[in-house]
Amino acid sequence: MNNTPETQWENRYQENKTGWDRGSTSLQLLSWLKSKALTPCRILVPGCGNGYEVITLAKAGFEVVALDIAPTPVKNLNAQLKEQSLSAEVIQADVLNWQGAPFDAIYEQTSLCAIVPEHWLEYEQQLRAWLKPQGQLFALFMQTNREGGPPYHCDLPQMQSLFSDTHWQWSTPEEAVTHPTGLHELAYVLAKRGVD
31 MNNTPETQWE NRYQENKTGW DRGSTSLQLL SWLKSKALTP CRILVPGCGN GYEVITLAKA
91 GFEVVALDIA PTPVKNLNAQ LKEQSLSAEV IQADVLNWQG APFDAIYEQT SLCAIVPEHW
151 LEYEQQLRAW LKPQGQLFAL FMQTNREGGP PYHCDLPQMQ SLFSDTHWQW STPEEAVTHP
211 TGLHELAYVL AKRGVD
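Take 31 as the starting number for the sequence shown in my numbering and just add one per residue.
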């Protein structure tokens, strides 16, 4: 098989090398839902993996579109949705290429840190294109404090430069969020400014 990103991620699922998989919904997402920082709307979940958050959002009444580059998690998630009689659109696609109608919100958990940093600007442009003006990005920035990846270290000053004040309004920081890998993430809500 060729060594495309799709193949690389699919191999991880086939070989059960999915250390990022919490096995349940992120506590930070549950916190955002409980506090009503995030309320039912049209939401995109890029790099959804096995989609625990997609299930939670669908149960909470969101109109959910979920993307993943690998076939296995897309198949797993569709099976879970069917089994629980829930509705969400799950698409196998590369987040760097997929085009979709504007969303009210995006839940960004493990997609950015899985992308080679050379493509981060391209991904940030995609996030902006996907969001309506004033749409919100609910982001968990992975903190590895080491070279290489995935997951790649999402250094906060670098994130503030990538998601610049020109295009994004940053929230006050949330608490650090523990990750199953033993690392942690920094949770922020960013609102897309009405300019491009």
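C-beta atoms are modelled at their ideal positions from N, C-alpha and C, and glycine is treated no differently.
6 Å Cβ shell around residue i - same chain, five flanking residues per side excluded
i: Tyr-182; result: Cys-143, Pro-147
i: Val-219; result: Gln-166, Phe-168, Ser-201
i: Thr-86; result: Thr-55
i: Val-94; result: Ile-73, Val-84, Leu-87, Ala-88, Ala-118
Integer Cβ distance of residue i from residue j, believed to fall under 8 Å
i: Asn-106; j: Asn-127; result: Going by Cβ atoms, the distance from Asn-106 to Asn-127 rounds to 22 Å, so no, they are not a contact pair.
i: Val-125; j: Ala-96; result: Going by Cβ atoms, the distance from Val-125 to Ala-96 rounds to 11 Å, so no, they are not a contact pair.
i: Leu-170; j: Glu-205; result: 11 Å between Cβ atoms; not a contact.
i: Thr-102; j: Glu-40; result: 6 Å
i: Pro-118; j: Ala-88; result: One point to set straight first is that residue 118 is Ala, not Pro, in the sequence displayed. Confirmed, Cβ separation roughly 5 Å.
Alpha carbon of residue i to alpha carbon of residue j, nearest angstrom
i: Leu-116; j: Ser-194; result: 37 Å
i: Gln-110; j: Ala-221; result: 31 Å
i: Cys-78; j: Val-84; result: 7 Å
i: Gln-38; j: Gln-44; result: 10 Å
i: Tyr-82; j: Ser-65; result: 19 Å
i: Gly-224; j: Gln-155; result: 14 Å
i: His-209; j: Phe-92; result: 25 Å
i: Glu-36; j: Ala-100; result: 5 Å
Local conformation of residue i per DSSP, three classes
i: Thr-102; result: helix
i: Tyr-218; result: strand
i: Pro-163; result: strand
i: Leu-170; result: strand
i: Gln-84; result: Note on residue identity: the sequence assigns Val, not Gln, to residue 84. In the structure shown, Val-84 sits in a helix (DSSP, three-state: H, G or I).
i: Met-31; result: Confidence at Met-31 is low in this model, with a pLDDT of 46, below 50, so its placement is unreliable and the value that follows should be read with caution. Here Met-31 sits in coil by DSSP.
i: Arg-223; result: coil
i: Thr-37; result: helix
i: Tyr-137; result: strand
i: Gln-44; result: helix
i: Gln-110; result: helix
i: Arg-176; result: coil
i: Gln-155; result: helix
i: Leu-213; result: coil
Buried versus exposed call for residue i [16 or more other C-beta atoms within 10 Å across all chains shown]
i: Gln-199; result: exposed
i: Pro-163; result: exposed
i: Met-31; result: The predicted position of Met-31 is uncertain, since its pLDDT is 46 and thus under 50; no value can be drawn from it.
i: Glu-152; result: exposed
i: Thr-34; result: exposed
i: Thr-196; result: exposed
i: Pro-203; result: exposed
i: Gln-188; result: exposed
i: Glu-113; result: exposed
Beta-carbon contacts of residue i that lie in its chain and below 7 Å, excluding the five residues immediately before and after
i: Trp-62; result: Leu-68, Phe-168
i: Arg-176; result: His-183
i: Leu-213; result: Met-172, Gln-173, Thr-174
i: Val-104; result: Asp-98, Val-120, Gln-122
i: Thr-211; result: Gly-49, Trp-50
i: Asp-134; result: Cys-71, Arg-72, Ile-73, Lys-162, Gly-165
i: Trp-160; result: Leu-74, Gly-130, Pro-132, Phe-133, Ile-136
i: Pro-180; result: Cys-143, Ala-144
Cβ-based neighbour list, residue i, same chain, cut-off 8 Å, excluding 5 preceding and 5 following
i: Leu-192; result: Trp-150, Leu-151, Glu-154
i: Val-207; result: Ser-56, Leu-57, Gln-58, Leu-170, His-214, Glu-215, Leu-216, Ala-217
i: Arg-42; result: Thr-48, Ala-100
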